[in-house]
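**Q** Here's a structure for you.
Numbering (my numbering), first residue to last: 50 to 461.
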């Protein structure tokens, strides 16, 4: 299938103040999520120690997060097309800043279980509207900038992880550290909240009935293209989850190099993914979004396969570096495509793609673990290769609806 050409490479005229402010506000939302989640991940060992949970108990507790996320995803999917993303994203951001420190302060298993559930619900309430607003800002820029927003999230995650490591080394409790960062991020959010764009009814796809005051029935929102995008989101999220859960372990055992080298393998994946997102918008504009997804997934699959076949420590670094480069921009591009489907509110399109991601958090790591128990971790990770190559094949059936007419961003 032919791929539509990328946007006109001619210089983009200077944008008015409102789009630039809207981009800054939405970028802060991505940074807020990244810093908070990175800090939380770094402080999990401390939280586990203060509550006194073993590996089995923790494995059951963390299942509460995707359960909470699913509930809010379903609610957001129903509401976002009518109330708009702005009315959901600000409460979601506040909820994340409040719930995560509360989770870190848990002193009993039952309290921790409920807090982790609420944390998953809060992140679900923030993530989908945040991506929907990013689609709106990207429209006004008339060129791809979605990967840049996700790069801000990745940089925030790295910063939060570093801050958590430093706080742990200084003996600062998880609750105090996350409360402090929450206050700082909350102050920044308060400063830019008025710049978060109002999105209803502007958050609609090109030629959308919703833009003319009409609404589509919920049953018609699920189109073949959105189902395809949801499937790609699922497969890409499985690959990202596999890297998060298994890259350090594989790096440690691949060449008998130990835990420190394993941690560096995961860091290599994270840095590679961030670097890809920083560069991805330019490549998506040059090649077109559909071709960009196909080539990115192909690089991820072939690179992962090459590293696994090579084996050893060097092969581990190669595999996860190329997986990070190839996978980094797939989810952002999927969200951009989902948010620009003709006749469907962008928030609803993004919500459907987000729902596609959800099962990956439950299926990916356990399936690879089961395969590793039968054929070893090296070949169990072959699931990532299959998944990436399948994304590349499925992307050939995508249609890029193109960039809708430029919309005028409004702030309250």
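Quick reminder that beta carbons are idealized off the backbone N, C-alpha and C, glycines included. Given the structure is predicted, the values throughout are model-derived calculations rather than measurements.
Looking at the structure shown, is residue 446 part of a helix, part of a strand, or coil, going by DSSP?
**A** Note: residue 446 maps to coil in three-state DSSP.
**Q** Decide if residue 72 is buried, meaning its Cβ has at least 16 other Cβ atoms within 10 Å, or exposed.
**A** Answer is buried; the Cβ neighbour count reaches 16.
**Q** To which residues does DSSP link residue 331 through a beta bridge?
**A** The partner list for residue 331 (beta bridge, DSSP) is empty, contrary to what the question assumes.
**Q** If you compare alpha carbons, which of 186, 82, 70 is closest to residue 396?
**A** For the residues 186, 82, 70, the minimum Cα distance to residue 396 belongs to 186.
**Q** Classify residue 140: buried if its beta carbon has 16 or more other beta carbons within 10 angstroms, exposed otherwise.
**A** Under this definition residue 140 is an exposed residue.
**Q** Looking at C-alpha atoms only, which residue of 423, 401, 190 is the closest neighbour of residue 270?
**A** Closest option to residue 270, Cα to Cα, is 401.
**Q** Short check: CB of residue 133 to CB of residue 248, under 7 Å?
**A** Yes; because the gap between Cβ atoms is below 7 Å, this pair is in contact.
**Q** Quick one: what does DSSP say residue 222 is sitting in, helix, strand or coil?
**A** Of the three classes helix, strand and coil, the one that applies to residue 222 here is coil, per DSSP.
**Q** Going by beta-carbon coordinates alone, are residue 148 and residue 183 separated by less than 7 Å?
**A** Cβ distance not < 7 Å, so residue 148 and residue 183 don't count as in contact.
**Q** Quick check on the DSSP output: what are the complete alpha helix (DSSP H) runs of length 4 or more inside the stretch 352-423, in order along the chain?
**A** Complete alpha helix (DSSP H) runs here, min 4: 361-376, 379-387, 395-406.
**Q** Taking 7 Å as the limit between beta carbons, can you name the residues of its chain near residue 406, skipping five residues before and five after?
**A** Cβ neighbours of residue 406 beyond the five flanking positions: 282, 283, 286.
**Q** Within 10 angstroms of the Cβ of residue 104, are there 16 or more other Cβ atoms? Answer buried if so, exposed if not.
**A** Its Cβ having fewer than 16 others within 10 Å, residue 104 is exposed.
**Q** With 16 other CB atoms within 10 Å as the buried threshold, where does residue 211 fall?
**A** Its Cβ having fewer than 16 others within 10 Å, residue 211 is exposed.
**Q** In angstroms with no decimal places, state the Cα-to-Cα distance between residue 351 and residue 359.
**A** The straight-line gap from Cα to Cα measures roughly 12 Å.
**Q** To the nearest angstrom, how far is it from the Cα of residue 391 to the Cα of residue 450?
**A** Whole-angstrom Cα-Cα distance: 7 Å.
**Q** With DSSP collapsed to three states, give me the class of residue 290.
**A** Correct three-state label for residue 290: helix.
**Q** Per the contact definition of three or more C-beta pairs closer than 8 Å, is the stretch 421-438 in contact with the stretch 329-342?
**A** Taking 8 Å as the limit for Cβ pairs, the verdict is that the stretch 421-438 does not touch the stretch 329-342.
**Q** Report yes if the CB atom of residue 335 is closer than 7 Å to the CB atom of residue 199, and no otherwise.
**A** No, Cβ-Cβ distance for residue 335 and residue 199 is not below 7 Å.
**Q** Let's see if you can read the secondary structure: which residues bound the alpha helix (DSSP H) around residue 514?
**A** Examination of residue 514 is not possible in this model, given that the chain is present from 50 through 461 alone.
**Q** Would you kindly report the start and end of the unbroken alpha helix (DSSP H) that includes residue 173?
**A** First-last of the alpha helix (DSSP H) with residue 173: 158-190.
**Q** Report the rounded CA-to-CA distance for residue 409 versus residue 290, giving the unit in angstroms.
**A** Computed Cα separation, rounded: 7 Å.
**Q** Since residue 173 contacts residue 118 with CB under 8 Å, what's their CB separation in whole angstroms?
**A** Right, their Cβ atoms sit about 4 Å apart.
**Q** When the Cα of residue 127 is compared with those of 319, 94, 177, 152, which residue comes out closest?
**A** Nearest of 319, 94, 177, 152 to residue 127, Cα basis: 177.
**Q** Output the boundary residues of the alpha helix (DSSP H) element that contains residue 104.
**A** Segment 104-110, the alpha helix (DSSP H) holding residue 104.
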